[in-house]
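Visitor: I'd like to ask you about the structure that follows.
There are 2 protein chains.
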Amino acid sequence: MQYQEAKDKFISTWGSLGSLWGINKAMAQIQALLFISTKPLSMEDIMHDLKISRGNTSMNLRQLMDWGIVTKVLVSGERKEFFTTEKDVQELARIVAKERSRREIKPVIKVLDEVSSIENDGTEKTKELIKQTKALKELSDDLDTLMNKLVNQKQNWLTKSVFKLIK
Amino acid sequence: MQYQEAKDKFISTWGSLGSLWGINKAMAQIQALLFISTKPLSMEDIMHDLKISRGNTSMNLRQLMDWGIVTKVLVSGERKEFFTTEKDVQELARIVAKERSRREIKPVIKVLDEVSSIENDGTEKTKELIKQTKALKELSDDLDTLMNKLVNQKQNWLTKSVFKLIK
DNA sequence: TTAAACTTTCAGTAATTATTGAAAGTTAAA
DNA sequence: TTTAACTTTCAATAATTACTGAAAGTTTAA
Chain A
26 MQYQEAKDKF ISTWGSLGSL WGINKAMAQI QALLFISTKP LSMEDIMHDL
76 KISRGNTSMN LRQLMDWGIV TKVLVSGERK EFFTTEKDVQ ELARIVAKER
126 SRREIKPVIK VLDEVSSIEN DGTEKTKELI KQTKALKELS DDLDTLMNKL
176 VNQKQNWLTK SVFKLIK
Chain B
26 MQYQEAKDKF ISTWGSLGSL WGINKAMAQI QALLFISTKP LSMEDIMHDL
76 KISRGNTSMN LRQLMDWGIV TKVLVSGERK EFFTTEKDVQ ELARIVAKER
126 SRREIKPVIK VLDEVSSIEN DGTEKTKELI KQTKALKELS DDLDTLMNKL
176 VNQKQNWLTK SVFKLIK
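Okay, structure coming up:
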């Protein structure tokens, strides 16, 4: 396998993975492209490389910046804007975990909390609803806390401490 | 908030969460409905409660069974089939984690492995591709292993051991 | 067997989501 | 200022994904 083939394979795999995670294809592909690029890329570079439109590129770059995964960089002597992504995988994981917690997990926990707090009228079905949503809420809380803890351990959090403790 | 409102809220929240996780809305809603039901439900029950077609119900029940989250139960004296879902949240989490690992994470790791194993021709861009995909592969491997370890600890794996160790 | 009760399949259609491209907006060099 | 270089926005459209309902398939009671 040669460079170009490997690059295409990486970008397309990363792209389709993205859609499974609530990130759209173009967004994931732009991130992948920047991730393996040796230097910041302009919007022009990106749209040509991925064969997507200017509008699409602009919108998805913006979303990546909202996520905090991509940043603008100024290249001296150049009028146009260049973009780069976080290159450290651990830091990347940290950002993604934090954002997913904020955008998805926290709101669900809130709803579970509301639902499990309804008045118990003593009927079977109400008891079951309360019991099950409460259990789900507690699990979600624990997982969210664990994820945030893991992710806040700076440097090698995975391979060091945690990882070994579990055996 | 009364029972019916709480139930609807739970089902619709769970449904929209599902789509963020690569599970479609109907599939997640069926699971939610079964999860808070006090007894197994028939296809008829489900389609009426969620207001979805017979075909849709059938297809999504099948997928839930493929995931191992829902099972058929025989109700004596009844001709039709009834369905129930795993009621224990920990066990549910275990199944979901295992399936996601198998369906999504493992295949990506395989591609990352292939891509990071291309011949190093010494160019900058090849070196960068190899370095970055290798880092990604290692992180994915670690996360996958961690997830599977966590998930195989029977009984209260979260709140017990792991959770406290990390502080 | 047969036929009623039930489930699955799948072509057609609806709903949702992503993408384009051109016009409007912004910036900074001349 | 003006204007050329560049970016953003957004209505129209394309692509994808989910859903329906009726026909075909299966099972079991009589």
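Chains A and B, in that order, are what the protein sequence lines are. Residue numbers 26 to 192, in the working numbering, belong to the letters of the first sequence in order. Residue numbers 26 to 192, in the working numbering, belong to the letters of the second sequence in order. Cβ coordinates follow ideal geometry from the N, Cα and C atoms, glycine included.
(1) Hey, how far is the Cα of serine 41 (chain A) from the Cα of proline 65 (chain B)?
(2) Just to confirm the assignment: which complete beta strand (DSSP E) runs, minimum length 3, are found wholly within the segment 121-146 of chain A?
(3) Rounded C-beta distance between isoleucine 134 (chain A) and serine 165 (chain A)? I'm assuming under 8 Å.
(4) Is DSSP giving lysine 97 (chain A) helix, strand or coil here?
(5) Which same chain residues, not among the five before or five after arginine 125 (chain B), have their C-beta less than 7 Å away from its C-beta?
(6) Look up leucine 66 (chain A) in the DSSP assignment and give the residues it is bridged to.
(7) Between alanine 51 (chain A) and chain B, is there a C-beta pair that is closer than 7 Å?
(8) Please report the distance separating the alpha-carbon of alanine 31 (chain A) from that of leucine 58 (chain A).
(9) Just the C-alpha distance for isoleucine 61 (chain B) and glutamate 163 (chain A), rounded to the nearest angstrom, thanks.
(10) Cβ of methionine 84 (chain A) less than 7 Å from any chain B Cβ?
(11) Of the choices A:Asp74, A:Lys76 and A:Ile130, whose alpha-carbon is the least far from that of leucine 168 (chain A)?
(12) Return no unless some Cβ of chain B is closer than 7 Å to the Cβ of lysine 131 (chain A).
(13) Please report the distance separating the alpha-carbon of glutamate 153 (chain A) from that of leucine 137 (chain A).
(14) State the Cα-Cα distance for the pair lysine 123 (chain B) and lysine 50 (chain B), rounded to the nearest angstrom.
(15) Given isoleucine 120 (chain B), which residues of its chain have a CB within under 8 Å of its CB, disregarding the five upstream and five downstream residues?
(16) Going by DSSP in three states, tryptophan 39 (chain B) sits in which element: helix, strand or coil?
(17) Just verifying my parser: in three-state terms, what is the DSSP assignment at threonine 151 (chain A)?
Guide: With the structure as the only source:
(1) 36 Å
(2) none
(3) 5 Å
(4) strand
(5) none
(6) A:Phe108
(7) no
(8) 12 Å
(9) 16 Å
(10) no
(11) A:Ile130
(12) no
(13) 14 Å
(14) 21 Å
(15) Trp92, Gly93, Ile94 and Glu111
(16) helix
(17) helix
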